[in-house]
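When you line the sequence shown up against my numbering, it's residues 363 to 550, in that order.
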Amino acid sequence: MSMVGVILAGGKSTRMKQDKALLKLGGVNLLQRQFQLLEKHLGKGNVFVSGERTEFPHVKDTFSGMGPLEGLMSVCRHLLNLGKLKTLLVVPVDMPFMTDSGLNRLINFSSHKAVTKFYGQQLPIVINDALLVLKIIEELKQSTDSVCESNCSFRSLFKKVQIEEIPAEPSRFFININTPEEWNAALP
């Protein structure tokens, strides 16, 4: 497959007050769960984790204060240096209820636009033009260095690229875990 998976897992989990990537659901931590899901779809050797996660193929974030776009930028630069910058499937570590069928729809949707995503959602996404997206993230960082946290977001990125939106999955697919309350509410 000509797609590489990126799991955004470099955050500090400040609202959760513990590393949310290590929270367990069904005996498996969230990072391992996402890694297994992406490997199942993309194959072994085609998944990278953003952040310092030494137990996985990972790319350490090179800056701070940019949030998830920093992780994406660091992985893109790494893949570019390896000559492997391709179409990317980008998922956050903290969306544990994504399904095979939903990811299949996203992965297999053919679009010539830079980004494919579910209607009304920020993540997960497929980046069809990773060079363009990397260039825009770098421009966002340079133009907003002093206020990057508010301007370096997926929302800012989406304003600068062409997007293809596909019908969304059921709402459980998009549950994002950021606080202990959200974690407790999401548990079966």
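Built from N, CA and C at the ideal position, the CB exists for glycine as well.
Close Cβ partners of residue i (< 7 Å) along its chain, the five nearest in sequence each way excluded
i    : result
F353 : What the structure shows of the chain is the stretch from 363 to 550, and residue 353 is not part of that stretch, so it cannot be assessed.
R467 : I528
R395 : L387, P458
A548 : I537, I539
K479 : I487, I525, E527
K522 : I498
E417 : none
Minimum C-alpha distance to residue i - residue among the options
i    : options                : result
S473 : L447, G373, I525, H420 : I525
F540 : M365, V366, V368, L384 : It should be noted that the sequence gives Asn, not Phe, for residue 540. Selected option, being the one with the closest Cα: L384.
P486 : K503, G407, T461       : T461
P532 : F418, K503, T478, G482 : G482
E544 : I369, K382, Q504       : K382
K503 : H420, T424, N408       : T424
A530 : R517, Q484, P550       : Q484
N546 : S364, I369, M378, G427 : M378
V452 : S463, L370, S364       : L370
I469 : P550, K521, K402, Q380 : K402
L431 : P542, I489, P550       : I489
Rounded distance between the beta-carbons of residue j and residue i, thought under 8 Å
i    : j    : result
L450 : A476 : Wrong, their Cβ atoms sit about 11 Å apart, outside the cutoff.
V366 : L399 : About 14 Å; that fails the 8 Å criterion.
V455 : L393 : 5 Å
G372 : G445 : 23 Å between Cβ atoms; not a contact.
G429 : S515 : 7 Å
Bridge partner(s) assigned by DSSP for residue i
i    : result
F410 : V368
H420 : V411
T449 : M365
K479 : I487, E527
P454 : L370
L387 : V390
Neighbourhood of residue i by C-beta, 6 Å cutoff - its chain only, sequence neighbours within 5 removed
i    : result
E414 : K422
N443 : none
G464 : E531, F535
V368 : F410, V437, L450, V452
P419 : F410
F471 : T478, I528
8 Å Cβ cutoff, residue i in contact with chain C
i    : result
K503 : The question asks about chain C, but that chain is absent: this structure has only one protein chain.
Contact set for residue i: own chain, Cβ-Cβ below 8 Å, skip 5 residues either direction
i    : result
K448 : S364, M365, V366, L441, A492
R517 : Q484
F397 : I369, V409, V411, F418
Pairing CB atoms from the segment 397–414 with CB atoms from the segment 498–505, are three or more of them under 8 Å? no
Three Cβ pairs or more, each shorter than 8 Å: is that satisfied between the segment 388–407 and the segment 438–448? no
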